[in-house]
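Take a look at the structure below.
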Amino acid sequence: MGSLLVISAHAGDFVWRAAGAIALATSRGARAKVLCLTFGERGESAKAWREGKTLEEIKDIRRAEAAAAAEALGAEIEFLDAGDYPLLESPELVDRIVHVYREVDPSVVLTHPLEDPYNQDHPAAGRMALQARVLAQAIGYDAPGEPLGAPPVFFFEPHQPEQCGFKPDVLLDITPVFDTKRKAMECLPAQQHMWDYYTDLAKRRGVQLKRNAGPNLGLPHTTMGEAYMRLYPQVTDTLA
Ligand SMILES: [Zn+2]
299 MGSLLVISAH
309 AGDFVWRAAG
319 AIALATSRGA
329 RAKVLCLTFG
339 ERGESAKAWR
349 EGKTLEEIKD
359 IRRAEAAAAA
369 EALGAEIEFL
379 DAGDYPLLES
389 PELVDRIVHV
399 YREVDPSVVL
409 THPLEDPYNQ
419 DHPAAGRMAL
429 QARVLAQAIG
439 YDAPGEPLGA
449 PPVFFFEPHQ
459 PEQCGFKPDV
469 LLDITPVFDT
479 KRKAMECLPA
489 QQHMWDYYTD
499 LAKRRGVQLK
509 RNAGPNLGLP
519 HTTMGEAYMR
529 LYPQVTDTLA
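Heads up: the sequence shown begins at 299 in the numbering used here, then just goes up one per residue.
If you want it as structure tokens, here you go:
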């Protein structure tokens with residue numbers, strides 16, 4: 299089984315939005331790597347700022363939380379400390395992401411959708427993830443490793459999906475690993491208000507999953523789901 303690469307703008311994003319996919323991959327013996335471009339130190343750490351912590355203290359807190367969450371999911375994690383609010387796009391940062399693509403050689407990529415009027419760091423991370431993927435595919439690009447193949451890219455669910463043009467076209471059944479996702483969420487007390495929100499969302503996506511799977515598959519009553527959008531066409535030799 300190939301590896302999973304998750305490119306996350308801030309320290310918590312990969313947990314709320316994709317922890318189920320990560321836990322599923324690692325539970326099946328696959329390698330999963332989370333690349334956190336920033337710690338979310340300025341934009342997504344309001345509780346710590348209100349407690350009077352310094353910028354460096356907040357980065358340390360968020361790093362430790364995200365590392366604990368990744369460990370709970372059985373995933374590797376790397377932080378690029380690129381600075382958030384704003385997360386600035388640069389050729390240097392894209393180049394660092396290319397190096398990660400070449401090293402991980404993912405068979406699946408998860409990242410942010412390209413639209414988010416509430417948070418410009420998220421689309422910036424998504425754009426850089428896509429640009430780096432294309433560069434990593436080029437044999438002439440100067441980075442170690444083999445040229446990347448064509449791993450499918452899935453956008454994970456933003457916090458306000460309707461405003462981000464997010465219309466799920468993949469519903470992932472994360473029921474067997476939901477307890478692991480909840481444990482990973484609980485590694486992030488800086489954003490405790492999100493735990494129940496994303497538990498409720500998983501229930502709603504699970505209800506929709508069951509509706510789309512049909513009534514005869516024997517899915518358990520408490521199905522939990524995560525929603526994704528696919529960027530590139532699915533390649534298949536059968537439509538069923
Ligand atoms: Zn974020």
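Just so it is clear, CB atoms sit at the ideal spot from N, CA and C, and this is done for glycine as well.
For D311, the first and last residue of its enclosing alpha helix (DSSP H): D311 to S325
Whole-angstrom Cβ separation of L333 and V398, contact assumed at under 8 Å? 5 Å
Assess, as a yes-or-no matter, whether the stretch 431 to 443 is touched by the stretch 476 to 483 under the definition of 3 or more beta carbon pairs within less than 8 Å. no
Taking DSSP as the reference, what is the three-state secondary structure of Y416? coil
Collapsed DSSP secondary structure at K331 in the structure displayed: strand
Can you tell me the Cα-Cα spacing of V402 and A346, whole angstroms? 33 Å
Is DSSP giving E339 helix, strand or coil here? coil
Taking the alpha-carbon of Y530 as reference, which of L408, A330, Y439 and C462 has the nearest alpha-carbon? L408
Can you tell me which of the three DSSP states D471 falls into? strand
Local conformation of Y439 per DSSP, three classes: coil
Is A307 near ligand 1, going by C-beta to nearest heavy atom under 7 Å? yes
Of the listed residues R329, A448 and L537, nearest to Q429 (C-alpha basis): A448
With a threshold of 16 other CB atoms inside 10 Å of the CB of K465, please say whether the residue is buried or exposed. exposed
Would you call the stretch 457 to 474 in contact with the stretch 520 to 528, where contact means no fewer than 3 C-beta pairs closer than 8 Å? yes
Quick check: does the Cβ of H397 come within less than 7 Å of any heavy atom belonging to ligand 1? no
K331 and E369 closer than 8 Å at C-beta: no
Please look up how many angstroms separate the CB atoms of R329 and S301, rounded, as I've assumed it's under 8 Å. 4 Å
Does any heavy atom of ligand 3 sit closer than 7 Å to the C-beta of E342? As far as ligands go, the structure on display features ligand 1 and does not contain ligand 3.
Any heavy atom of ligand 1 inside 7 Å of the beta-carbon of D498? no
Between the stretch 409 to 421 and the stretch 371 to 387, do three or more beta carbon pairs fall short of 8 Å? yes
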